[in-house]
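Each remark here refers to the structure printed beneath this line.
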Amino acid sequence: MTMSSFLAFPMDNLKPAVFLDRDGTLIEDVGILTHPEQIRLFPDTIDALQALSGNYVLFVVSNQPGISKGLVTSQQVASINFELDDLLRKKNVRIRKWYICPHQRNENCRCIKPNPFFLQEAAYRYGIDLSRSFIIGDHPHDVYTGDTLGVFGLYLLTGHGGRHLPELPADRLVFHSLLEAAHWISKHPQPAQQLDTSVRDASAVIKKGGVVAFPTETVYGLGADVFNTRAVAKIFKSKRRPLYNPLIVHIAEIEQLASLVSDLPDTACSLINCFWPGPLTLIFHKRQTVPDIVTAGLSTVAVRMPAHPLAEKFIRLSETPIAAPSANVFGRTSPTSATHLMDQLQNVCDAVIDGGACRIGLESTVLSLTDAKPRLLRPGAITQNEIEQVIGRLMFSAVPSAKPGPLESPGMLSYHYATKTPLYLVDNLAVFSRRPDVGVLLFTPSELMFEGPVELLSPSGDLIESATNLYAAMQKLDLLGLSAIIAKSLDQTGIGIAINDRLRKASFKTGQPPTEHAKKPTRSPYS
Ligand code: TXA
Ligand code: MG
14 MTMSSFLAFP
24 MDNLKPAVFL
34 DRDGTLIEDV
44 GILTHPEQIR
54 LFPDTIDALQ
64 ALSGNYVLFV
74 VSNQPGISKG
84 LVTSQQVASI
94 NFELDDLLRK
104 KNVRIRKWYI
114 CPHQRNENCR
124 CIKPNPFFLQ
134 EAAYRYGIDL
144 SRSFIIGDHP
154 HDVYTGDTLG
164 VFGLYLLTGH
174 GGRHLPELPA
184 DRLVFHSLLE
194 AAHWISKHPQ
204 PAQQLDTSVR
214 DASAVIKKGG
224 VVAFPTETVY
234 GLGADVFNTR
244 AVAKIFKSKR
254 RPLYNPLIVH
264 IAEIEQLASL
274 VSDLPDTACS
284 LINCFWPGPL
294 TLIFHKRQTV
304 PDIVTAGLST
314 VAVRMPAHPL
324 AEKFIRLSET
334 PIAAPSANVF
344 GRTSPTSATH
354 LMDQLQNVCD
364 AVIDGGACRI
374 GLESTVLSLT
384 DAKPRLLRPG
394 AITQNEIEQV
404 IGRLMFSAVP
414 SAKPGPLESP
424 GMLSYHYATK
434 TPLYLVDNLA
444 VFSRRPDVGV
454 LLFTPSELMF
464 EGPVELLSPS
474 GDLIESATNL
484 YAAMQKLDLL
494 GLSAIIAKSL
504 DQTGIGIAIN
514 DRLRKASFKT
524 GQPPTEHAKK
534 PTRSPYS
């Protein structure tokens with residue numbers, strides 16, 4: 014007997030659904046909730062659910078092991094869900110059913126995620142077409158829940174998403190927020206097939222000399238065939254990027270290096286073994302065949318192998334290395350989602366591969382291997398310390414400079430990665446707590462109450478999570494019509510060095526923060 018003959022609904026009436034985790038996905042994860050007053054909706058939950066509810070039946074599927082542990086009662090959980098349901102109904106959002114697993118993992122129940130018990134139950138009871146459905150959550154087990162049933166999982170960086178990100182396999186898509194995920198779903202009703210088509214179409218565009226925006230694990234790139242000078246010229250024009258600033262060439266297979274570099278130092282082999290594919294760009298002496306426009310006339314070329322399955326497939330199918338800067342207007346923040354890049358570069362890309370959010374969120378570490386002594390030109394997620402463990406002591410030469418011109422690495426320009434709203438690095442955030450017109454980038458939770466909008470980059474104070482969220486948060490604050498954005502520098506350790514570098518560059522032109530009391534923001538936060 015087939016699955017369909019069990020169903021209470023005829024196949025052609027089946028509807029697609031979105032299954033949503035509760036804590037960390039719809040509401041902030043603040044531990045075990047016992048009272049409805051503890052509910053804190055994320056600012057975009059309502060908008061996201063409204064966007065989804067036009068085309069999808071909505072379900073909440075939540076693991077609440079606190080019930081079995083005796084930390085909360087089923088009635089308390091039910092009253093919280095009732096309150097949330099009521100709140101959502103008032104906004105015209107209907108949750109068809111709230112599914113709760115009350116067990117702990119060692120109880121071996123059938124209903125704990127990632128077991129797909131409730132998804133099958135929903136399909137049976139409510140006539141759901143699981144093959145067109147999605148599941149969204151902030152824990153890896155959320156996105157695995159529908160795997161065996163063809164339900165596509167989307168992972169959120171909200172809630173515990175940042176903390177558990179290292180456990181999530183590289184081929185799973187991640188999103189900064191529920192709203193970003195909802196928009197992605199609306200554009201990808203047949204996700205697996207559409208992703209495949211979009212990568213294939215994008216590589217066809219490259220072969221015809223077009224430019225493509227594509228995701229990498231660091232930030233989105235705007236790419237063209239490295240050997241097609243007209244296509245590469247189009248990148249410079251679209252980005253308004255000065256021709257003195259050379260591009261990074263992206264490869265998918267180590268064999269592609271031979272077409273770009275004239276010699277491979279021993280240090281390169283060790284670094285490649287350790288860090289490729291990954292967020293490390295290496296600078297080599299170039300082959301004559303690499304066009305001057307790519308390297309800005311330098312005799313060297315920057316190469317990296319991105320660790321992102323969609324980037325890897327796109328480059329491989331393009332059958333050529335891809336020259337690509339970050340997909341932002343020159344000087345602005347690098348995009349860490351396709352939405353973010355469309356804000357800046359709409360209409361200039363011949364194709365866009367929308368792979369959700371970038372997991373690292375900061376541009377790659379750039380290391381020059383063209384002299385006897387390797388030199389760090391741009392700090393990134395792969396730290397100086399990690400590199401030194403492989404090849405010994407480094408020289409650091411990413412010295413800030415105000416002068417634009419033919420620098421060895423124009424990424425050393427002091428002014429870069431900026432928001433339109435002036436950004437200030439301040440010693441004391443408290444001075445600005447009464448300023449509704451000042452947005453705050455916070456790296457750890459603070460006791461201070463700010464009147465202006467606050468972007469908390471990591472609820473647990475984790476710097477890797479902060480890096481992932483940094484540009485998205487800067488972009489969000491930038492859209493609010495504020496008079497200023499403020500942040501406090503981090504300790505110069507680990508990825509904090511790269512974050513400080515980007516903040517310093519973003520704030521370079523702004524000088525001292527304004528002290529006068531300025532006007533109200535032109536737009537309310539999160540409106
Ligand atoms: O993570 C990344 O590196 C991203 C993604 C898309 O791969 N790309 C990126 O590209 O950040 P872009 O163009 O924004 O930054 C490239 C940096 C610039 O600082 C540039 O000056 C430096 O690499 N660079 C490129 N070629 C160089 C060369 N031959 N010598 C020295 N620096 C070079
Ligand atoms: Mg959760």
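Reminder that position 301 of the sequence shown reads as 314 in my numbering, one-by-one numbering, no gaps. Here a beta-carbon is modelled for each residue, glycine too, at the ideal position from N, C-alpha and C.
Candidates the options: closest to residue i by CA position
i, options, result
"asparagine 26", "Asp356, Asn441, Leu143 and Phe249", "Leu143"
"alanine 315", "Pro338, Leu323, Ile328 and Leu330", "Pro338"
"leucine 516", "Leu454, Val444 and Leu358", "Leu454"
"cysteine 362", "His201, Glu478, Leu390 and Val218", "Val218"
"valine 224", "Ile93, Gln359 and Thr313", "Gln359"
"valine 85", "Leu46, Val232, Asp36 and Trp111", "Leu46"
"leucine 295", "Val403, Ile198, Ile306 and Thr313", "Thr313"
"valine 187", "Leu407, Ser520, Asp209 and Glu478", "Glu478"
"threonine 38", "Phe130, Ala194 and Ser87", "Ala194"
"serine 381", "Gly374, Arg391, Leu375 and Arg372", "Arg391"
"alanine 281", "Val212, Ile400, His196 and Glu325", "Ile400"
"serine 471", "Asp42, Ser446, Val239 and Phe32", "Asp42"
"leucine 101", "Gln133, Gly174, Leu54 and Asn121", "Leu54"
"proline 228", "Asp184, Leu191 and Asp238", "Asp184"
"leucine 503", "Asp475, Leu493 and Tyr484", "Asp475"
"alanine 480", "Val444, Phe463, Thr346 and His201", "Thr346"
"valine 308", "Gln203, Gly172, Phe165 and Leu273", "The identity of residue 308 in the sequence shown is threonine, whereas the question assumes valine. Among Gln203, Gly172, Phe165 and Leu273, the Cα nearest to that of threonine 308 belongs to Leu273."
"glutamine 301", "Glu325, Ser275, Arg138 and Ala324", "Ser275"
"serine 331", "His48, Gly405, Asp214 and Ser283", "Asp214"
"threonine 171", "Val164, Pro182, Gly150 and Leu162", "Gly150"
8 Å contact criterion, which residue i and residue j should meet: CB distance rounded
i, j, result
"glutamine 63", "valine 90", "Incorrect: roughly 25 Å between the Cβ atoms, too far for contact."
"leucine 277", "lysine 252", "Contact flag wrong, Cβ pair sits at about 30 Å."
"alanine 486", "glutamate 468", "4 Å"
"glycine 254", "glycine 222", "Looking at the sequence itself, residue 254 is arginine, so the reference to glycine does not match. Rounded, the Cβ-Cβ distance is 18 Å, inconsistent with contact."
"leucine 461", "serine 446", "5 Å"
"alanine 320", "glutamate 230", "5 Å"
"alanine 351", "leucine 191", "Between leucine 191 and alanine 351 the Cβ distance is about 16 Å, and since that is not below 8 Å, they are no contact."
"serine 216", "phenylalanine 131", "About 39 Å separates the two Cβ atoms, so there is no contact after all."
"proline 202", "arginine 145", "7 Å"
First and last residue of the uninterrupted alpha helix (DSSP H) at residue i
i, result
"isoleucine 477", "476-491"
"asparagine 513", "509-519"
"arginine 448", "Arginine 448 -> no alpha helix (DSSP H), and no H or E assigned at all."
"alanine 351", "351-358"
"valine 7", "The question about residue 7 has no answer here: the residues shown for the chain are numbered 14 through 540."
"alanine 497", "Note, alanine 497: premise wrong, no alpha helix (DSSP H); beta strand (DSSP E) at 497-500."
"threonine 308", "305-308"
"arginine 329", "322-331"
Chain-order list of residues whose beta-carbon lies under 6 Å from that of residue i (same chain, five-residue window excluded)
i, result
"proline 127", "His154, Tyr157 and Thr158"
"serine 520", "Leu436, Tyr437 and Leu438"
"glycine 452", "Gly465, Pro466, Leu490, Leu495 and Ile498"
"valine 31", "Leu65, Tyr69, Leu71 and Phe147"
"arginine 35", "Val73 and Ser75"
"histidine 353", "Gln488"
Spatial neighbours of residue i in its chain, beta-carbon cut-off 7 Å, leaving aside the 5 residues before and after
i, result
"isoleucine 125", "Asn76, Cys114, His116 and Arg118"
"leucine 311", "Pro259"
"serine 87", "Ile80 and Pro115"
"glycine 418", "Any reading at glycine 418 must be qualified, since the residue scores a pLDDT of 43, below 50, and its modelled position is unreliable; the value itself is stated next. Tyr257."
"glutamate 180", "Pro153"
"glutamine 51", "Val43"
First and last residue of the uninterrupted beta strand (DSSP E) at residue i
i, result
"valine 70", "70-76"
"histidine 298", "293-298"
"glutamate 41", "Per DSSP, glutamate 41 belongs to no beta strand (DSSP E) and is neither H nor E."
"phenylalanine 32", "30-33"
"threonine 313", "313-317"
"isoleucine 335", "335-337"
"alanine 61", "First-last for alanine 61: 58-66, but that is the alpha helix (DSSP H), not the beta strand (DSSP E)."
"leucine 436", "436-438"
"glutamate 468", "467-469"
"arginine 176", "Unbroken run through arginine 176 is the alpha helix (DSSP H), 174-177; no beta strand (DSSP E)."
Own chain, CB closer than 8 Å to residue i, minus 5 neighbours either side, in chain order
i, result
"aspartate 98", "Ile108 and Trp111"
"isoleucine 267", "Ile285, Trp289 and Met318"
"isoleucine 510", "Pro392, Thr396 and Gln397"
"proline 304", "Val239, Phe240, Thr242 and Val245"
"lysine 416", "Residue placement at lysine 416 is flagged as unreliable, the pLDDT there being 43, under the threshold of 50; the coordinate-derived value follows with that caveat. None."
"threonine 432", "Arg345, Thr346, Met487, Gln488, Leu490, Asp491, Ile498 and Ala519"
Residue-chain proximity (residue i, chain B), Cβ-Cβ < 9 Å
i, result
"valine 439", "Chain labels in this structure do not include chain B; a single protein chain is all it has."
Length-filtered (4 minimum) alpha helix (DSSP H) runs lying within the segment 197-285:
For the segment 197-285, whole alpha helix (DSSP H) runs of length 4 or above, ordered along the chain, are 204-220 and 242-252.
Quick one: which unbroken beta strand (DSSP E) runs of 3-plus residues sit fully inside the segment 90-170? Chain order, please.
108-114, 147-150 and 165-169
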